[in-house]
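Protein sequence lines, in the order shown, are assigned to chains A and B.
FYI, in this note's numbering the residues of the first sequence are 15 to 658.
FYI, in this note's numbering the residues of the second sequence are -8 to 357.
Beta carbons are placed, not taken as given, at the ideal position from N, Cα and C, and that holds for glycine.
Just so it is clear, the structure is predicted and the values come from calculations on it, not from any experiment.
To keep things clear, I will list the structure first and then write my remarks on it.
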Amino acid sequence: MRAFMLIVALYLLATLAFPLGAMFFKSLTTYRVDLTLFEFQVDAGGGWGPVATGEALNAKIKAFDADDLAATSDTRLAATKLFPDFSFLAPTKYRIRSTAPEAVFLFGSERVADPDWHEYSGNDFRRVVMRPVLDQGFGNYVRYFSTPSLFYSIHNSLYIATVSTIITVTIAFGLAYALTRSCMPLKGMFRLIVMIPILVPSLLPGIALVYLFGNQGVIKGALMGESIYGPIGIVIGSVFFTLPHAFIIIQTALYIADARLYEAAASLRASRWKTFYTVTLPGARFGLISAAFVVFTLVITDFGLPKVIGGKFNVLAVDVYKQVIGQQNFEMGAVVSVILLVPALVAFTVDRLMQRRQVALLTARSVAFEAKPHRNFDMVCLGYCLLVTVFVVGLLAMCQYAALVKFWPYDLTLSFKNFNFDRMDGGGWDSYWNSIHLALLTATLGTGVIFCGAYLVEKMQGFDTGRGVFQFFAMMPMAVPGLVLGLAYIFFFNNPANPLNGIYGTMTILVICTVTHFYTVGHLTALTALKQMDREFEAVSASLKQPVWRLFGRVTVPVCMPAILDISVYMFVNAMTTVSAVIFLYSPDTALAAVAVLNMDDAGDIAPAAAMGMMIFYTNAFARLVHLGLSRGVLSRTQAWRKR
Amino acid sequence: MTQLETAAPFLVIRNLTKKFGQFTALQDVSFDIDESEFVCFLGPSGCGKTTLLRAIAGLDIQTSGTVLQAGRDISALPPAERDFGIVFQSYALFPNLTIYKNVAYGLENTRRPAAEIKARVAELLDLVGLPEQGTKYPAQLSGGQQQRVALARALATSPGLLLLDEPLSALDAKVRVRLRHEIKSLQERLGVTTIMVTHDQEEALAVADRIVVMNHGVIEQLGTPQEIYREPASLFVADFIGETNQFEGSAPAPGRFTFAGVDLTCPASTIGAGEKGVIVVRPEDIVLSQISDAPAGPNHFPARVKELEFLGNNWRVHLDCPALKGAELTANISINRARAFSFATNMEISIQLVPERLRAFAAGTG
């Protein structure tokens, strides 16, 4: 039992703690060409001249400034630059040596770090370049904060996240209020519709917005000259994809309202508004705060949407991508990642503290609130929900239409041409099947690992410190943005010294990364289900001389089956839609559908991108249906005991 | 041990200590339980009774000390290698298995033929009075029925020791009384050595052959229900079990007790001359009579009936007793006797503290 626990703990250590540590270490790694460690001698025909360090030569002629010397791992400085009168035609000979083992220069592709002199003709000396030495320190951070184009992203990210949070929470509250406190019709339908955005990648609303308000947009005029590419687009798209998350939390908060408080307010003749301000809002305040933090974290860490519709408006998440993929500056990418981790960690910590206080609100004696019909109010609620529906379904329908149109906006006849992904850049249909593969593996293996981990935390005897540490690790992925996790995986797994190096570039690393990325929600779901089981089952089973696995298989798993199915469909859907966690990790063989959406959009194939996005939507919708079918069908047998 | 098998106690607990960090839950506990005995662990919550039960079961193994069952040292064995059945307050029935499968749970995996298992389950369900309920799920039964199923499941493997952890606490008062009688008669019929943890003294007094009274992790007294009630070994036991009137005073000589200037005869007192102590008398050991026909003997005082409380089968009488410096006493009187001398509030009566029923405890021993 302990050994098993150790294995799952090691899993979290290897897939979460170590990579993050590697990334933090990387952000502190700086490169600098240290000219004091190279020495030169010149023979212009009259014998060897005096020995001079590179530093001394550079001090005279200022061939390299500080920026040139502060390097990345790829920096190569040509030695010839130190000699202003250098000409490869001259018969002058050059000597170079390095005075420290870490000072390396290259002759062509030959690596030299030699305290003995190496002599080159003028022609050969052209091929000598100096490499940077590795150093530890906060140099990267200093550089980040002294580069306005970089650190201004912090401001942009905070601005976008704040605005999106306020708008989303307001809309979601209205929606949850209408659905819990009115007697309007079609509640079930609206609950389904508001969940739609969970089923699509976050960048899909961006594509829809391009079609609606972009340069060739259908209703471009509605923006009155403002551009959708930038903060406006990011905010609208963010509201779309965070709405379900906020809605679920706020709806739960409103559900647990105690009817007795409303009866008390009514008996004291409080007006509807007064009741709202004194009973409804305070009751839901923890839910609202929690929702706000979730939305804020989602927006600030999302990368797909600002990538598609952000235009020149830089945000942190896109900066990480640009530094790593665009400039191959991994150290700076790590710096931005660490900075991106800060708001997410703060939001996560505050939210945890809040939720601890929320528990006290629910008492066993609470009486469930039941809405009473009120014609005018119900109609207002219905109208409001219809508006939100237009927004959600509208964006999705636009995508679907764009995916089917032959050549926007010139030939609007419908065809399936855009679904011919194999003719586009991005991985083709293979990427779609890869995604299905990944999603299935994540939903099965991931759910298994998560459920076993939660079982050990909840049901194991003793070993309290170990369980505490495990619980902490299990909660951590929620605070780690996918992009940051993905980058951390590069640093950790792509290190040749790592024995797990072999999984780099395979489907395995994608599965591991996705499972870890979405670990926390699954863990909490499993924990909630396990907590509802009698603490003494293990004791009873042991007294009847039955092994632990038998209880696990015959009782624990069947009883928790609804939760297990919930976890697996959650993992499936997220594995289908995630971009951020896997963008750095996929290889040509393991291209994924959501990444293909991004890449096709990047390449200008926006219609196929929309088409692939819709494929993801249909797949997830289908997965949901299967989940529903399983829950109703198979579970009706194993859960017969729930009925009295 | 083996050569003395018939004479040796079935369960031997020696110097059992259990610590949770700094907190000592059990302190050097030792006692024996004979075969086929029904023993109750009784005490207030947090006294260590459940910890003791769980140590015997191997669910929370003790910090030090030994447990011998049927001559076998089981001190360090995990629960699965011990020989016991257990029933919890929460029943802990597997909700997704039928009653039949719950009871059969411990019988499967034992290479028994299916027909034998079936017969055994039917026998057990019959035993606990739930025949024909095998196909139902636990949630479809009442609390009392569920607890019977839990009992049947615990007995299925014919364990040598039956452990009951507050099995009746979650039930209604009436069901509780009925079920405790059933458990008792079942235990007598099967002759299985049984330990029941309870905080309900009435329950313990009603079913136990012997009671282990515990407080703060140590055994206060071990004895039959009558001994515990009649001859409490400490002030704690006297106070915890039943009701008491208590007087603080001192002993001028052995067998005498002085309280508020009044001399009491107390033959059982062990308080040495000149020492301080507490004297305890139970409400039913205060004899009430009309002043005119008060019987002769020591420890007589006049008193006034201050308040009457109707308890159904009894009156609880609150007395003012100026002779005992206005001490408030509580006495019990049966309905019939009260009717016999037309008892009423404010009546002046005579009371006697029956000398041989007084218990005295030296200060600092309670």
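Test: residue i CB closer than 8 Å to a CB of chain B
i, result
"A/Glu550", "yes"
"A/Ala378", "With a pLDDT of 47 at A/Ala378, under the threshold of 50, the modelled position of this residue cannot be trusted, and the question is left open."
Minimum Cβ-Cβ distance from residue i to chain A less than 8 Å
i, result
"B/Leu153", "no"
"B/Ile77", "yes"
"B/Thr185", "no"
"B/Ala71", "yes"
"B/Thr41", "no"
"B/Thr261", "no"
"B/Thr215", "no"
"B/Phe235", "It is Thr, not Phe, that sits at residue 235 of chain B in the sequence shown. No, B/Thr235 lies away from the interface with chain A (no Cβ there is under 8 Å from its Cβ)."
Per-residue burial, residue i [other beta carbons within 10 Å of its own, 16 or more giving buried]
i, result
"A/Arg195", "buried"
"B/Ser36", "exposed"
"A/Pro33", "buried"
"B/Arg350", "buried"
"B/Glu239", "exposed"
"B/Glu211", "buried"
"B/His172", "exposed"
"A/Phe631", "buried"
"A/Thr539", "buried"
"B/Ser260", "buried"
"B/Trp306", "buried"
"B/Leu(-5)", "In this predicted model, B/Leu(-5) has a pLDDT of only 47, less than 50, meaning its place in the structure is not dependable; the value taken from the coordinates is given anyway. Result: exposed."
"B/Pro86", "buried"
"B/Pro150", "buried"
"A/Met628", "buried"
"A/His169", "exposed"
"A/Leu401", "exposed"
"A/Glu124", "exposed"
"A/His603", "Per the sequence presented here, residue 603 of chain A reads as Asp, with His not at that position. Exposed, by the Cβ-count rule."
"A/Ala260", "buried"
Neighbourhood of residue i by C-beta, 8 Å cutoff - its chain only, sequence neighbours within 5 removed
i, result
"A/Gly63", "Gln55, Val56, Asp57"
"A/Ala374", "Since pLDDT at A/Ala374 reaches only 48, below the 50 mark, its modelled position is unreliable, and the value read off the structure follows with that caveat. Taken in chain order, the list of residues that qualify is empty."
"A/Leu541", "Ala468, Val471, Glu472"
"A/Leu275", "Val293, Gly297"
Of the listed residues the options, nearest to residue i (C-alpha basis)
i, options, result
"A/Leu606", "A/Asp619, A/Leu452, A/Arg568", "A/Leu452"
"A/Pro491", "A/Cys399, A/Asn508, A/Leu27", "A/Leu27"
"A/Arg638", "A/Ser582, A/Asp130, A/Ile620", "A/Ser582"
"A/Leu268", "A/Tyr225, A/Val356, A/Ala186", "A/Ala186"
"A/Val349", "A/Met238, A/Leu524, A/Leu164", "A/Leu164"
"A/Ala17", "A/Thr592, A/His169, A/Phe477", "A/Phe477"
"A/Ser429", "A/Ala280, A/Trp422, A/Arg274, A/Leu418", "A/Leu418"
"A/Gln342", "A/Pro320, A/Gly68, A/Phe505", "A/Phe505"
"A/Ala625", "A/Val118, A/Asn434, A/Thr403, A/Tyr398", "A/Asn434"
"A/Val308", "A/Val364, A/Leu330, A/Lys336, A/Asp79", "A/Val364"
"A/Thr43", "A/Thr458, A/Gly61, A/Asp79, A/Gln150", "A/Gln150"
Chain-order list of residues whose beta-carbon lies under 6 Å from that of residue i (same chain, five-residue window excluded)
i, result
"A/Tyr518", "Phe507, Asn508"
"B/Ser66", "Thr57, Val58"
Cut-off 7 Å between Cβ atoms - residues of its own chain near residue i, not counting five sequence neighbours on either side
i, result
"A/Ala278", "none"
"B/Pro346", "Thr256, Cys257, Pro258, Pro289, Asn290"
Chain-ordered residues of the segment 79 to 90 of chain B with a beta carbon less than 9 Å from chain A: Here the close residues are Phe79, Gln80, Ser81, Tyr82, Ala83, Leu84, Phe85, Pro86, Asn87, Leu88, Thr89.
Cβ-based contacts, 8 Å cut-off: residues of the segment 568 to 591 of chain A near chain B: Cβ contacts with chain B: Arg568, Val569, Pro572, Val573.
Residues, ordered as in the chain, of the segment 527 to 560 of chain A that lie near chain B by beta-carbon distance below 9 Å: Residues Met547, Asp548, Arg549, Glu550, Phe551, Glu552, Ala553, Val554, Ser555, Ala556, Ser557, Leu558, Lys559, Gln560.
Residues in the segment 48 to 69 of chain B having any Cβ partner in chain A nearer than 9 Å: Listed in sequence order: Ala48, Gly49, Leu50, Asp51, Pro69.
Proximal residues, the segment 86 to 118 of chain B versus chain A, C-beta separation under 9 Å: For the segment 86 to 118 of chain B, the set of positions with a beta-carbon nearer than 9 Å to some beta-carbon of chain A reads Pro86, Asn87, Leu88, Thr89, Lys92, Tyr96, Gly97, Leu98, Glu99, Asn100, Thr101 in chain order.
Residues within the segment 329 to 340 of chain B neighbouring chain A, beta-carbon criterion of under 7 Å: Per Cβ criterion, the list is empty.
Contacting positions in the segment 129 to 155 of chain B - beta carbon closer than 9 Å to chain A: Residues Pro129, Ala130, Gln131, Ala141, Arg144, Ala145, Ala147, Thr148, Pro150, Leu154.
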